[in-house]
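In what follows, a single structure is set out as structure tokens and then discussed.
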Amino acid sequence: MLERIKTVIDTLSKSERKVAELVLAQPNLVANAPIAQIADLAGVSQPTVIRFCRSLNCSGLQDFKLRLTRSLVSGVPYVHSMVSADDSAHDLAKKLFDNNISHLLRCRNELDTEALERAIKVLANTHKIEVWGQGQSGAVAIDAQNKFFRLGVPTVAYTDPHMHGMSASMLKPGDAVVAVSNSGRTLDMIRSVEIARDAGADVIGITHSKSPLAKRCNICLFADTMEDPDLYTPMITRIVHLVIIDVLAVGVALKRGPELIDQLEKMKRNLKEKRVRGHDN
């Protein structure tokens with residue numbers, strides 16, 4: 001709920017925004033205060049408080065309080081403040097951990113499970129998987145390759161736009177692409193996706209819901225996060241993308257079933273030979 005308020009706050013009327021700012025500053029107080037007190041503290045009328053609740057798709061104040069309380073009792077604090085140069089190491093760790101946890105929970109709650117099921121089915125039955133990512137998303141693409149190739153599906157990761165651009169034209173029906181992009185606005189990625197779809201491949205996007213890339217994918221798994229502008233790289237989004245990849249990989253493993261067991265056991269035995277003996281950790 002607190003995430004949603006910050007997302008829509010700029011679209012609210014001037015008076016409703018006062019209520020939103022009060023909720024963000026003192027969520028526990030608002031969750032337990034009567035409407036008269038909320039209106040007084042925000043400096044607005046009581047009908048404005050009701051309009052604010054309805055702007056968040058709540059039926060009224062009680063419905064809003066119920067949803068707000070559920071958010072608060074999850075035990076994950078919402079980090080409204082940004083990091084600053086004066087933060088101690090303790091403060092930095094707390095803010096970053098809490099921000100990541102908060103966004104992971106939001107993504108979990110908003111994830112389109114129907115799209116997820118379709119994506120798993122495509123990846124479990126494809127001839128080969130290509131994972132594309134540029135810049136920060138390139139690290140996610142490489143991680144995805146490391147997971148999917150173990151499942152018996154030929155997999156390659158391309159982090160260079162020229163490479164995935166050339167590869168896109170050689171794809172065929174029955175092939176699958178996982179396109180990972182934080183912004184979803186990278187021209188090279190969008191063009192490669194268009195070429196891949198024209199070639200008949202299924203394209204699964206992991207990106208922002210309102211991006212141009214999302215509109216061009218056969219299936220899209222949205223990762224909408226609000227990054228701290230004081231951070232120089234998309235840290236939170238990267239974590240969300242990695243978890244979505246994990247969900248897809250586990251889903252594919254379950255779909256492919258018992259045939260993978262012998263293969264995975266053999267892989268584990270080979271890896272065991274590369275470890276120092278006498279250390280089980």
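In the UniProt record's numbering, the protein residues as written are 1 to 281. Quick reminder that beta carbons are idealized off the backbone N, C-alpha and C, glycines included.
CB-CB length for residue i against residue j, believed under 8 Å
i: P212; j: D188; result: At roughly 12 Å, the Cβ-Cβ gap does not stay under 8 Å, so P212 and D188 are not in contact.
i: A36; j: K65; result: Actually they do not touch by this definition, with Cβ atoms about 14 Å apart.
i: W132; j: A119; result: 15 Å between Cβ atoms; not a contact.
i: I245; j: K121; result: Incorrect: roughly 16 Å between the Cβ atoms, too far for contact.
Residue i versus residue j - alpha carbon distance
i: P47; j: S55; result: 12 Å
i: N100; j: P27; result: 20 Å
i: L171; j: A196; result: 6 Å
i: L72; j: V153; result: 42 Å
i: N109; j: A176; result: 26 Å
i: A25; j: D63; result: 20 Å
i: V23; j: L2; result: 8 Å
i: A139; j: I38; result: 46 Å
i: D87; j: K95; result: 10 Å
i: S15; j: S45; result: 9 Å
i: A201; j: L105; result: 31 Å
i: K18; j: D40; result: 11 Å
i: I5; j: T11; result: 10 Å
i: E21; j: I219; result: 36 Å
i: R185; j: A33; result: 43 Å
i: Q253; j: C53; result: Sequence check: residue 253 is Ala here, not Gln. So the two alpha carbons sit approximately 43 Å from each other.
i: L123; j: K215; result: 20 Å
i: K274; j: H90; result: 37 Å
i: L111; j: V193; result: 22 Å
i: P229; j: I206; result: Note that P229 scores 49 on pLDDT, short of 50, meaning its location in the model is unreliable; the coordinates nonetheless yield the value given after this. Going from the Cα of P229 to the Cα of I206 covers about 21 Å.
i: Y78; j: L68; result: Bear in mind that a pLDDT of 49 at Y78, under 50, signals an unreliable position, so the model cannot answer this.
i: D98; j: A115; result: 28 Å
i: S102; j: H208; result: 17 Å
i: M163; j: R150; result: 23 Å
i: S59; j: R51; result: 10 Å
i: I236; j: T225; result: 7 Å
i: R70; j: I239; result: 24 Å
i: T126; j: R277; result: 39 Å
i: P173; j: I190; result: 19 Å
i: L248; j: Y158; result: 18 Å
i: I129; j: T113; result: 21 Å
i: S167; j: Q145; result: 16 Å
i: S13; j: R256; result: 52 Å
i: S81; j: P234; result: Annotation note: pLDDT 49 at S81 (below 50); position unreliable, coordinate value reported separately. Each residue's alpha carbon lies about 17 Å from the other.
i: E117; j: H241; result: 17 Å
i: L61; j: A223; result: 29 Å
i: I9; j: A199; result: 42 Å
i: Q134; j: C217; result: 17 Å
Enclosing alpha helix (DSSP H) for residue i [first to last residue]
i: P34; result: Unbroken run through P34: none, as it is neither H nor E.
i: L50; result: Residue identity differs from the one stated: residue 50 is Ile in this sequence, not Leu. Run containing I50: 46-55, per the alpha helix (DSSP H) assignment.
i: V276; result: Unbroken run through V276: none, as it is neither H nor E.
i: L96; result: 89-110
i: A20; result: 14-25
i: S71; result: 61-72
i: I9; result: No alpha helix (DSSP H) holds I9; DSSP gives it neither H nor E.
Heavy atom of the ligand COA within 7 Å of residue i beta-carbon
i: K121; result: The model on display carries no ligand, and the ligand COA is accordingly not part of it.
Query - Whole beta strand (DSSP E) elements within the UniProt domain "SIS" (119-258), 3-residue minimum - result: 129-133, 155-158, 176-180, 202-207, 219-222
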